[in-house]
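Under the working numbering, the sequence shown has 220 at position 73, and the numbering climbs by one with no breaks. A virtual CB, placed ideally from N, CA and C, is assigned to each residue, including glycine. Owing to the predicted nature of the structure, the values given are computational and were not obtained by experimental measurement. First comes the structure, then the notes that go with it.
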Amino acid sequence: MPERTKMERKFNFNPGPATLPLEVLEELQKSVVDFNQAGMSVLEISHRSKEFLALLTETKSLFRELMEIPQDYEILFLGSGASLQFAMVPMNLLNPGERADYIITGSWSKKAIKEAKFFGEAVVAATTEDENFRRVPKAEEIDLSQDAQYVHITSNNTIFGTQWKTFPKTNSIPLVADMSSDILSRKIDVGSFGLIYAGAQKNLGPAGVTVVIIRKYLAMGGPDSVPLMLRYKTHIEENSLYNTPPVFAIYAVKLVLEWVKRNGGVEKIEEINNKKAELLYRAIDEASGFYRGTAEADSRSLMNVTFRLPDENLEQKFIQEAAEIGLHGLKGHRSVGGIRASIYNAFPVEGVACLVDFMQRFSKAN
Ligand code: PMP
């Protein structure tokens, strides 16, 4: 069995907050006591200090470089999680009476459309709910409105283990994507999106900061009734410093971005993510009488691998025995049950190999 990292670190399959690179954690640990020899903790520096401004600028430019973000997009670091974006998007992009299209591929999309309905007409352009969200819709199943202000998708469905492989074509209508659980995991063309948002706690860092990548012109309209704090325009004009931003979380994101860069950038990370997912799906398919993948093959997520065992008792046993050998966090979301292995960017290949080895032994023994 592959060796585990020092201090008996578990292989952490949690869906988010999720595993982070150990070297990032060690750097964070140092900075909590002394940030870059400033004689202060990173928890103590002012968000108006030159140290923090430099850090913010560097974090933005790393994002721009790694994701190849065009200049007409702004990168924002906001508090309150991706769930606030469910509301901020329609609040800023929809005027009363205007319409937005939502493609419903799981629980997070459902939460997103629920918020949009407070602000305008939010229409379901496609849904796979009647198939228990085991795939994302095909292009021909998507019925877009001519006059939609935007089309909203969830690029990776953390709970159901599905992911868009190619994104819907929306012509000139801005595509808005919740990329909370797959941002930076694969190469994407940012220019084909109007707005991308992602809570940090899976691929980017700790909970507490949400990244918004927005084509600037989209932030300029919106009803006057939107509170200043909830306007993208405010945060663009103030460089994410309208109020005190989540300083520590942003710092952690910077370290994660540097880690991605050191490890060959998004292209290389994507290659490794493909390899990890392939290993795991192969293990499921090879024992298909015992393990059953819940997502349809062409919608399978590279980030959250979901599967079932013959019955719930065996699933419980699987989770428990896996935990006993340091494979932690494999329980499926409470709303769907089963097993979910979340294998985000920072999750090591060795951990996947360990799980595959365990799965083979477990299916034989049971
Ligand atoms: N969108 C997706 C795809 C998610 O996976 C999650 C959280 N797991 C959320 C939104 C909600 O994020 P938050 O808890 O940061 O509000």
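*asked:* What does the alpha-carbon distance come out to for the pair residue 374 and residue 297?
replied: Residue numbering aside, residue 374 sits at position 227 when the sequence shown is read from its first letter. Residue numbering aside, residue 297 sits at position 150 when the sequence shown is read from its first letter. Using only the alpha carbons, I get a separation of about 21 Å.
*State the start and end residues of the unbroken alpha helix (DSSP H) segment that holds residue 497.*
If you number the sequence shown from 1, residue 497 lands on position 350. Going by DSSP, residue 497 is part of the alpha helix (DSSP H) stretching over 496 to 512.
*Helix, strand or coil: which one does DSSP assign to residue 325?*
Working through the sequence shown from its first residue, we reach residue 325 at position 178. Strand, per DSSP.
*Within this structure, are the beta carbons of residue 341 and residue 377 separated by less than 9 Å?*
The sequence position of residue 341 within the sequence shown is 194, counting from 1. The sequence position of residue 377 within the sequence shown is 230, counting from 1. Contact check for residue 341 against residue 377 fails: the beta carbons are separated by 9 Å or more.
*Cβ separation of residue 282 and residue 309, assumed to be a contact under 8 Å, to the nearest whole Å*: As a working mapping, residue 282 is identified with position 135 in the sequence shown. As a working mapping, residue 309 is identified with position 162 in the sequence shown. Rounded, the Cβ-Cβ distance is 6 Å, consistent with contact.
*Could you give the residue range of the alpha helix (DSSP H) that holds residue 253?*
Your numbering for residue 253 matches position 106 in the sequence shown. Judged by DSSP secondary structure, residue 253 falls outside any alpha helix (DSSP H); it is assigned neither H nor E.
*Nearest to residue 275 by CA position, among 249, 263 and 266, is which residue?*
Within the sequence shown, residue 275 is the residue found at index 128, counting from 1. Cα-wise, what sits closest to residue 275 is 249.
*Are residue 158 and residue 351 close, meaning C-beta to C-beta below 9 Å?*
As a first step, residue 158 must be located in the sequence shown, where it is residue number 11. As a first step, residue 351 must be located in the sequence shown, where it is residue number 204. Contact annotation: residue 158 and residue 351 have beta-carbon atoms that are not nearer than 9 Å.
*How long is the line joining the alpha carbons of residue 343 and residue 331, rounded to whole angstroms?*
Position 196 of the sequence shown, counting from 1, holds the residue named residue 343. Position 184 of the sequence shown, counting from 1, holds the residue named residue 331. Each residue's Cα considered, the two are about 11 Å apart.
*Do the segment 446 to 463 and the segment 480 to 497 meet, that is, are 3 or more Cβ pairs less than 8 Å apart?*
Short answer: they touch.
*Which of helix, strand or coil does DSSP assign to residue 362?*
Sequence index remark: in the sequence shown, residue 362 carries index 215 (1-based). Residue 362 carries a strand assignment under DSSP once its states are collapsed to helix, strand and coil.
*asked:* For the segment 224 to 235 against the segment 352 to 361, do three or more pairs of beta-carbon atoms, one drawn from each stretch, fall closer than 8 Å, so that the two count as touching?
replied: Inter-segment contact for the segment 224 to 235 and the segment 352 to 361 is present: three or more beta-carbon pairs are separated by less than 8 Å.
_Nearer than 8 Å: is that true of the beta carbon of residue 346 relative to any heavy atom of the ligand PMP?_
As a working note, residue 346 is residue 199 in the sequence shown. Using a cutoff of 8 Å, the CB of residue 346 counts as near the ligand PMP, since one of the ligand's heavy atoms is closer than that.
*Provide the residue(s) that pair with residue 303 in DSSP beta bridges, ordered along the chain.*
Taking the sequence shown and counting its residues from 1, the one referred to as residue 303 is at position 156. Looking at the DSSP assignment, residue 303 forms a beta bridge with 310.
*From 278, 234, 229 and 231, pick the residue whose C-alpha is nearest to that of residue 251; which is it?*
Taking the first residue of the sequence shown as position 1, residue 251 is located at position 104. Selected option, being the one with the closest Cα: 278.
*What is the DSSP secondary structure of residue 475, reduced to helix, strand or coil?*
On the sequence shown, position 328 is the one that residue 475 refers to. Look at residue 475 here: in three-state DSSP terms it is strand.
*Taking the continuous beta strand (DSSP E) assigned at residue 573, which residues delimit it?*
A question about residue 573 goes unanswered here, because the residues of the chain that appear run from 148 up to 513.
_Nonlocal neighbours in the same chain, by C-beta distance under 7 Å from residue 401, ignoring five residues either side_ = As a position in the sequence shown, residue 401 is number 254, starting the count at 1. Once the five neighbours on either side are set aside, the close Cβ partners of residue 401 are 202, 205, 206 and 209.
*Could you check which residue in 317, 294 and 293 has the C-alpha nearest to that of residue 300?*
Along the sequence shown, one-based indexing puts residue 300 at 153. Checked all of 317, 294 and 293; the closest Cα to residue 300 is 317.
*Tell me whether the beta-carbon of residue 489 lies closer than 9 Å to the beta-carbon of residue 280.*
As a position in the sequence shown, residue 489 is number 342, starting the count at 1. As a position in the sequence shown, residue 280 is number 133, starting the count at 1. No.
*asked:* With DSSP as the reference, identify every bridge partner of residue 439, one or two as the case may be.
replied: On the sequence shown, position 292 is the one that residue 439 refers to. Residue 439 pairs with 455.
*asked:* Less than 7 Å between C-beta atoms, sequence neighbours within five positions excluded: which residues of the same chain meet that for residue 170?
replied: For the purposes of this step, residue 170 is identified with residue 23 of the sequence shown, where counting begins at 1. Excluding its 5 nearest sequence neighbours in each direction, residue 170 has C-beta neighbours in its own chain below 7 Å: 406, listed in chain order.
*Sufficient close CB pairs (3 or more, under 8 Å) joining the segment 429 to 437 to the segment 404 to 419*: Put simply, the segment 429 to 437 does not touch the segment 404 to 419. Fewer than three CB pairs are less than 8 Å apart.
*DSSP three-state assignment for residue 172, whether helix, strand or coil*: Taking the first residue of the sequence shown as 1, we reach residue 172 at position 25. Collapsing the DSSP output to three states places residue 172 in a helix.
*Keeping to the same chain, check which residues put their C-beta closer than 6 Å to that of residue 273; ignore five residues upstream and five downstream.*
Along the sequence shown, one-based indexing puts residue 273 at 126. For residue 273, the CB contacts under 6 Å within the same chain, skipping 5 residues up- and downstream, are 250, 284, 288 and 289 in chain order.
*Kindly indicate which three-state DSSP category residue 152 falls into: helix, strand or coil?*
Counting from 1 along the sequence shown, the entry for residue 152 is found at position 5. At residue 152, the pLDDT of 49 sits below 50, so the modelled position is not reliable; the number obtained from the coordinates is stated separately. Correct three-state label for residue 152: coil.
*Entirely within the segment 158 to 230 and at least 4 residues each: give me those alpha helix (DSSP H) ranges in chain order.*
If we require 4 residues or more, the alpha helix (DSSP H) runs fully inside the segment 158 to 230 come out as 169 to 180 and 197 to 214.
*Give the C-beta separation of residue 178 and residue 398 to the nearest angstrom, bearing in mind that I take them to be a contact with Cβ-Cβ under 8 Å.*
For the purposes of this step, residue 178 is identified with residue 31 of the sequence shown, where counting begins at 1. For the purposes of this step, residue 398 is identified with residue 251 of the sequence shown, where counting begins at 1. The pair is a contact, with the Cβ atoms about 7 Å apart (cut-off 8 Å).
*Of the choices 267, 262 and 220, whose alpha-carbon is the least far from that of residue 243?*
The sequence position of residue 243 within the sequence shown is 96, counting from 1. Minimum Cα-Cα distance from residue 243 among the listed residues 267, 262 and 220 corresponds to 267.
_Enclosing beta strand (DSSP E) for residue 342 [first to last residue]_ = In the sequence shown, counting from the first residue as 1, residue 342 sits at position 195. For residue 342, the enclosing beta strand (DSSP E) stretches over residues 342 to 346.
*From 461, 507, 451 and 506, pick the residue whose C-alpha is nearest to that of residue 162; which is it?*
The residue you call residue 162 lines up with position 15 of the sequence shown. When only C-alpha atoms are compared, the closest one is 451.
_Under DSSP, the alpha helix (DSSP H) around residue 407 begins and ends at which residues?_
The residue you call residue 407 lines up with position 260 of the sequence shown. That run of the alpha helix (DSSP H) goes 394 to 409.
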